[in-house]
Amino acid sequence: MAASRALPKNASLVHKFLRRQDAPASAYQILDGLRDVGITAPPTVYRALDQLVARGLAHRVESLNAFVACSDPDHDDGNGFAICTDCGSVTEFSGETVRKALGDIARCQGFALDHATIELQGLCSSCRPAEVGNNA
Ligand SMILES: [Zn+2]
Ligand SMILES: [Zn+2]
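Position one of the sequence shown corresponds to residue 2 (this note's numbering), numbered consecutively onward.
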């Protein structure tokens, strides 16, 4: 769906850059990384990011104020992110179950939920200390 409309050139450059990163990138890191290809102004980066986010090709990780390429652009809104506080890697996961639960809580409060941010912070499987003993 989203892929059928051609991306503007700058958005496509930013998208490629994000896909090469192991961790979310801030607008300034993107700017730094793309200076060589002629992107030199922050508004250019922000406009490209807006386009990518609107098409679901990238997401803003709010707690980091940084951006990641989407791992599955066909998903519905509201995926969550598991953020490793050690290596900085971010893993995207389906936020559907959580979103439903948050929607129910909001309804009970008479609150009209617009959107919810689902961001988990902790240690990824590579950074987590190996479990001690196997209870063998
Ligand atoms: Zn996504
Ligand atoms: Zn990690």
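Using N, Cα and C, we set each Cβ at its ideal position, and we do this for glycine too.
Host beta strand (DSSP E) of residue i (start-end)
{"i": "A26", "result": "Run containing A26: none; DSSP gives neither H nor E here."}
Straight-line gap, residue i to residue j (C-alpha atoms, nearest Å)
{"i": "D33", "j": "F82", "result": "25 angstroms"}
{"i": "H60", "j": "Y29", "result": "16 angstroms"}
{"i": "D73", "j": "E132", "result": "31 angstroms"}
{"i": "S127", "j": "E93", "result": "16 angstroms"}
{"i": "P44", "j": "A67", "result": "15 angstroms"}
{"i": "A55", "j": "R129", "result": "34 angstroms"}
Sub-8 angstroms separation of residue i and residue j beta-carbons
{"i": "L114", "j": "C85", "result": "no"}
{"i": "E63", "j": "G79", "result": "no"}
{"i": "A7", "j": "Q52", "result": "no"}
Residue i Cβ short of 7 angstroms to ligand 3 heavy atom set
{"i": "D77", "result": "Ligand 3 is absent from the structure shown, which contains only ligand 1 and ligand 2."}
Coarse secondary structure for residue i, derived from DSSP in three states
{"i": "R61", "result": "strand"}
{"i": "T92", "result": "strand"}
{"i": "L53", "result": "helix"}
{"i": "G39", "result": "coil"}
{"i": "L124", "result": "coil"}
Runs of beta strand (DSSP E) lying entirely within the stretch 66 to 116, each at least 3 residues, in chain order
67 to 70, 81 to 85 and 91 to 94
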